[in-house]
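Residue numbers (my numbering), protein chains in the order written: chain A, 3 to 330; chain B, 147 to 577.
For each residue, glycine too, the CB sits at the ideal point set by N, CA and C.
Down below is the structure, laid out as C-alpha cells.
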Amino acid sequence: MPDTLLFAMEAALNGLTAGIMYALVALGFVLIFKASGIFNFSQGVMALFAALTLVGFQQGQVPFAHLINAIFGTRVHHFGWNLPTLLAIPATVGVMVVFAWAVERFVLRHLVNQKPIILFMATIGLAYFLEGLGDLMWGAEVKRLDVGIPQGMSGAVDDLTFGLFGYGFYMDTLDLYAMVIAALLVAVLVLFSQYTKEGRALRAVADDHQAALSVGISLRFIWVLTWSIAGIVALVAGIMWGAKSGVQFSLSLIALKALPVLILGGFTSIPGAIVGGLIIGVGEKLFDFFMQPIVGGATENWFAYMLALVFLLFRPQGLFGEKIIERV
Amino acid sequence: MKKMTKLAAGIAVTMAIAAPTVAQDLHFPMLNYRTGPFAPNGIPFADGYQDYLTLINERDGGIGGVPIRMSECETAYNTERGVECYQSIRGDDPLVLQPLSTGITYQLIPRATEDGIPIHSMGYGRTSAINGEVFNWVFNYPANYWDGASVIINFLLDENDGSLEDKKIVLLYHNSAYGREPIPTLTRLSEDLGYELIEIGVDSPGQEQRNQWLQIRRERPDYVIMWGWGVMNPTAIQEAANIRFPMENFIGVWWSGSEQDVGPAGEGAHGYRSLAMHGTGRDYPIYDDIEEYVVEPGLEAGAGDQIGTVLYSRGLYAAMLAVEAARTAQEIHGVDEINAEQMRDGMANLVITEERMAELGLPEFGPAFEVSCENHGGSGEAMIQEWDANSGTWNLITDWIEPDRDMIMEMATEDSMSYAEENDITPGCME
Numbered sequence: 003m004p005d006t007l008l009f010a011m012e013a014a015l016n017g018l019t020a021g022i023m024y025a026l027v028a029l030g031f032v033l034i035f036k037a038s039g040i041f042n043f044s045q046g047v048m049a050l051f052a053a054l055t056l057v058g059f060q061q062g063q064v065p066f067a068h069l070i071n072a073i074f075g076t077r078v079h080h081f082g083w084n085l086p087t088l089l090a091i092p093a094t095v096g097v098m099v100v101f102a103w104a105v106e107r108f109v110l111r112h113l114v115n116q117k118p119i120i121l122f123m124a125t126i127g128l129a130y131f132l133e134g135l136g137d138l139m140w141g142a143e144v145k146r147l148d149v150g151i152p153q154g155m156s157g158a159v160d161d162l163t164f165g166l167f168g169y170g171f172y173m174d175t176l177d178l179y180a181m182v183i184a185a186l187l188v189a190v191l192v193l194f195s196q197y198t199k200e201g202r203a204l205r206a207v208a209d210d211h212q213a214a215l216s217v218g219i220s221l222r223f224i225w226v227l228t229w230s231i232a233g234i235v236a237l238v239a240g241i242m243w244g245a246k247s248g249v250q251f252s253l254s255l256i257a258l259k260a261l262p263v264l265i266l267g268g269f270t271s272i273p274g275a276i277v278g279g280l281i282i283g284v285g286e287k288l289f290d291f292f293m294q295p296i297v298g299g300a301t302e303n304w305f306a307y308m309l310a311l312v313f314l315l316f317r318p319q320g321l322f323g324e325k326i327i328e329r330v
Numbered sequence: 147m148k149k150m151t152k153l154a155a156g157i158a159v160t161m162a163i164a165a166p167t168v169a170q171d172l173h174f175p176m177l178n179y180r181t182g183p184f185a186p187n188g189i190p191f192a193d194g195y196q197d198y199l200t201l202i203n204e205r206d207g208g209i210g211g212v213p214i215r216m217s218e219c220e221t222a223y224n225t226e227r228g229v230e231c232y233q234s235i236r237g238d239d240p241l242v243l244q245p246l247s248t249g250i251t252y253q254l255i256p257r258a259t260e261d262g263i264p265i266h267s268m269g270y271g272r273t274s275a276i277n278g279e280v281f282n283w284v285f286n287y288p289a290n291y292w293d294g295a296s297v298i299i300n301f302l303l304d305e306n307d308g309s310l311e312d313k314k315i316v317l318l319y320h321n322s323a324y325g326r327e328p329i330p331t332l333t334r335l336s337e338d339l340g341y342e343l344i345e346i347g348v349d350s351p352g353q354e355q356r357n358q359w360l361q362i363r364r365e366r367p368d369y370v371i372m373w374g375w376g377v378m379n380p381t382a383i384q385e386a387a388n389i390r391f392p393m394e395n396f397i398g399v400w401w402s403g404s405e406q407d408v409g410p411a412g413e414g415a416h417g418y419r420s421l422a423m424h425g426t427g428r429d430y431p432i433y434d435d436i437e438e439y440v441v442e443p444g445l446e447a448g449a450g451d452q453i454g455t456v457l458y459s460r461g462l463y464a465a466m467l468a469v470e471a472a473r474t475a476q477e478i479h480g481v482d483e484i485n486a487e488q489m490r491d492g493m494a495n496l497v498i499t500e501e502r503m504a505e506l507g508l509p510e511f512g513p514a515f516e517v518s519c520e521n522h523g524g525s526g527e528a529m530i531q532e533w534d535a536n537s538g539t540w541n542l543i544t545d546w547i548e549p550d551r552d553m554i555m556e557m558a559t560e561d562s563m564s565y566a567e568e569n570d571i572t573p574g575c576m577e
C-alpha cells in the first residue's frame, strides 16, 4: 500500500477521534437548544468552569482564595488535603446542578416568553459572568488535570496496524477513552429520555412548550434538569480537553470547534452532533494532510467553517436538524 | 494591620491613577493582560513588573528621589484594546511603553514615534527595530526573535560538533505575526548550514495539534523548534510526549518556556528545553528586598503566588531595565523628573554591566550589554534551560550563547531600510 494512503488513513483515524471530542462539546449545545430553543453561548465556558471546579476539588483549593486574602490579609490557598477523583467528580456535578438552578432562578425565569435572541444575549452575559467567576474562584493559572485516564500512544492500535499494513498508526489512548465515554454518554442520554418520566417530560417540552405546560409539566424543573445535564456533558468535555492541554481559559474556546459541528449535524439532533463531529474531524484532518505541502498547513479552523458555510447554502437545517418553516 | 496597609495602598494607587498629576512623579504605564486566553502568561509578567517598581518606591523612594507612578491598562492580549490603552495613556506623560504583544507593538510603532514616546519590546515585537537609526523610539534589548533563532541553531551546532549538515529541523510555529518571525533567520541559516527546515503552522489558539504531530512523527526530524504562546505550548509538549519525541531535542523560544507550559504534561515534559533570556527562581539577593519591602507589607501585585517563576522574572527584568534607563536619563540630563524624550536618551545610552547587575541584587541574571544609536537590541545572548519534572524547576544547562549578530544586523538593516522607504523616514541618530 502506498505510504501516502497509509498516512492519509492514519490522519482520518485521528480525525474520527478528534471529531468525537468536538461532538462532546456540541452535545451540550444540542441538549439545551432542543429543550428550550436557546443557543447557549456559555457552553464552552461551562466546560471550563466545570474542569476548574474539578481540579479545585481534587487539589483541595480554597475557593475565592485570592479574594479572601485580598480582603482579610490572609494567605490561605489550600485546605491541606486532596479529594480523590471519585469524590471530586460527584462534587463537581453537584456544583453544576446548583449552577443550573441558579441560571433558572436568576436568569431564565425572568425571560420567559422572550424572543430567542434575548435568551441568546442572556447566555452571552452568562458566559462573561462565568469566566470571571471561574477565575475568581480558582485562579487563572494553568492547571494539570489528571483523572487517571492514560495518555500517550496506544500500543494496541500500533501493533494491530503494523501487523496489517507494516506501518503502526498513532492513536492517543486518551482519544480511545473519549470515544468509549462519548458512546456511553449518548447511550445514557437516550435511555434517560426514552425510559424515565423526567426524560419523557423533557422530550415533551422539546416538542411543544405549550402542550407540555397544559399537561402539568413544570417548565422550571425541566430547565433546571436540562441545564444540569448540559453541565454534566460540559464536565465530561472539560475533563477530556483539560487532560490534553491543561485547564485554562482557552478551554472555553473549544465552543468555537462545536459551532461548525452543529451547523452540519443540526442544532436539535444528538446523533447529528456525533455525525457532524466526525465529518468535521475527518474532513479537517484530511484536508490539512493533503493541503499542507501546498499552503503550509494551519487550515483546520478555516476548513471547518468553510464546510459549515457550504452546508448552510444547501441544507441550512443541517443533516439531522428540524426544518423550520415560518409562514409570513 | 496588613489588611489596612493593603487597603491604604490600594486607595493610594487608585487615587494616583484617577487623579491628574499633582506631584512630581515618573509615570510607568503597564499594558497588561490579566484576562482572556493568555492571562496565565500575562499575570506573572505583570506581577513581576509591578513588584519591582513597588520595591523601588518603597525601598529607595523612587528613582533619584522621584516616586514612580504606575498605571495598568488591560489589553487581554488584543491588539485593538492595546491601541485603545495607548490612546488613553498617551496624554498622561508616560515615560516608556511595554506593549507586551507583538501585534500591539506593530500598531504602536508609528503612533508612539509620532508622539515621541519610547517603546521597549523586550524579546518580542519587530525584530528589525534593532536598527535605531530607523526606529529611533523603539528598543528591543537585550534580545530579539532572530537572536533567539540564531542562538538555538548555535546551540545545536555545539551539540553536533559544529555541523548541522543533512539534519532535519522542524519549526512548529503559532500561525501569527509572532510565530512567523523566526522563519527568515532559520531559512537563511538552513541555506548556510545545510540543514533541512520544515515549517509547520498551528492555528491559534492551538489546542488541536494532532495533524502537526502526525507529520512530525512521519518526518522524523532531528530537532523541533517551537515558537508558541498560550495553550499552544502545553498542548505541543503533551503531544511530543505522546509520540515519544525525545524531549532533549525539543527546544522552545523564551515565550515557550515557563512553568505554565510544562506543568500540564507532568512527567512527560521532563527534559524539555527552551531559551532563557534571564535567570529564574528566587536564588537572587533581590528577593530578600522584595520579601521585606513588598511582600511583608502586603504590597505584592496580584495574588503574590507567582514570585520567582519564569514570567515573573521576565516582568521584573523588564522593570529593572526601565528603571536603569530612567536613572541613565537622569544622569545624562541632570534632572530628576525626566520626560519621555529624555527617557528615550536614557534607553539609547543604557549600559548594563555584570557589576551593576550584582549591585542590583541580580548577579548573572541577565547579560551585560550596551545600547547605542545603531544597536537598540543589546547583546542578543541567551541561555538554554531544561525542565526537571521531578523537582519542578528549570535548570540552566549552558552559559550565555551569542547569536550570529553580523547576519542578523545585515537582515535587520535590509528590513528596516525598506520600512524607512515605505514610511518616508530618513535614517539617522537623534541629536
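Contact between residue 232 (chain A) and residue 45 (chain A) is confirmed by a C-beta separation of about 7 angstroms, below the 8 angstroms threshold. The C-beta separation of residue 250 (chain B) from residue 273 (chain B) comes to about 16 angstroms, leaving the pair out of contact by the 8 angstroms criterion. For residue 264 (chain A), same chain residues with a beta-carbon under 6 angstroms away, outside a window of 5 residues either side, are 28, 31 in chain order. Rounded to the nearest whole angstrom, the CA to CA distance from residue 503 (chain B) to residue 280 (chain A) is 57 angstroms. Around the beta-carbon of residue 296 (chain A), fewer than 16 other beta-carbon atoms lie within 10 Å, marking it exposed.
Here residue 293 (chain B) is buried, its C-beta having at least 16 other C-beta atoms within 10 Å. Here residue 365 (chain B) has 314, 316, 344 as same chain residues with Cβ atoms under 7 angstroms from its own Cβ, once five neighbours each way along the sequence are excluded. Between residue 170 (chain B) and residue 483 (chain B), the C-beta gap is smaller than 8 angstroms, which places the two residues in contact. Contact annotation: the stretch 365-379 of chain B does not touch the stretch 121-140 of chain A, with fewer than three C-beta pairs closer than 8 angstroms. For the pair of segments examined, the stretch 279-290 of chain B was found not to touch the stretch 301-309 of chain B: the number of CB pairs separated by less than 8 angstroms stays below three. Taking each of B:564, B:425, B:413, B:346 in turn and checking the Cα distance to residue 513 (chain B), the smallest one comes out for B:425. Counting only residues of its own chain and dropping the five nearest sequence neighbours on each side, residue 474 (chain B) has a CB closer than 7 angstroms to the CB of 492, 495, 496.
From the beta-carbon of residue 381 (chain B), the residues of chain A found nearer than 7 angstroms are 246, 247. Taking 8 angstroms as the cut-off, the Cβ atoms of residue 320 (chain A) and residue 244 (chain A) do not count as close. Here residue 285 (chain A) is buried, its C-beta having at least 16 other C-beta atoms within 10 Å. In the DSSP annotation of this structure, the continuous segment of the alpha helix (DSSP H) that includes residue 230 (chain A) starts and ends at 221-247. For residue 262 (chain B), no CB of chain A lies under 8 angstroms from its own CB, so it is not counted at the interface with that chain. Residue 324 (chain A) and residue 270 (chain A) have their alpha carbons spaced roughly 7 angstroms apart. Chain B has a Cβ within less than 8 angstroms of the Cβ of residue 255 (chain A). DSSP lists B:539 as the beta-bridge partner residues of residue 534 (chain B). Distance check between residue 338 (chain B) and each of B:389, B:323, B:434, B:312 places B:312 closest, using alpha-carbon atoms only.
A straight line joining the alpha-carbon of residue 170 (chain A) with that of residue 389 (chain B) spans about 12 angstroms. Given a length threshold of 4 residues, each whole run of the alpha helix (DSSP H) inside the stretch 281-359 of chain B is given here in chain order: 291-305, 323-326, 329-339. Interface flag for residue 462 (chain B) against chain A is unset, since no Cβ pair is found closer than 8 angstroms. Per DSSP, residue 421 (chain B) is one residue of the beta strand (DSSP E) stretching across 419-422.
In the three-state DSSP reduction, residue 401 (chain B) falls in the helix class (H, G or I). When secondary structure is reduced to three states using DSSP, residue 95 (chain A) falls in the helix class. Taking the CA atoms as reference points, residue 33 (chain A) sits about 41 angstroms from residue 191 (chain B). Distance from the Cα of residue 269 (chain B) is smallest, within the candidate group B:227, B:327, B:236, for B:327. Rounded to the nearest angstrom, the gap between the Cα atoms of residue 574 (chain B) and residue 260 (chain B) is 16 angstroms.
Taking the Cα positions, residue 248 (chain B) is about 8 angstroms away from residue 267 (chain B). DSSP places residue 140 (chain A) inside the alpha helix (DSSP H), whose first and last residues are 118-140.
Counting along the chain, the unbroken beta strand (DSSP E) around residue 172 (chain B) starts and ends at 172-178. Listed along chain B are 357, 360, 361, each with a C-beta nearer than 9 angstroms to that of residue 291 (chain A). Counting C-beta pairs closer than 8 angstroms gives three or more between the stretch 89-107 of chain A and the stretch 50-64 of chain A, which meets the contact rule. Residue environment: residue 161 (chain A) is assigned as exposed (fewer than 16 neighbouring CB atoms within 10 Å of its CB, all protein chains considered).
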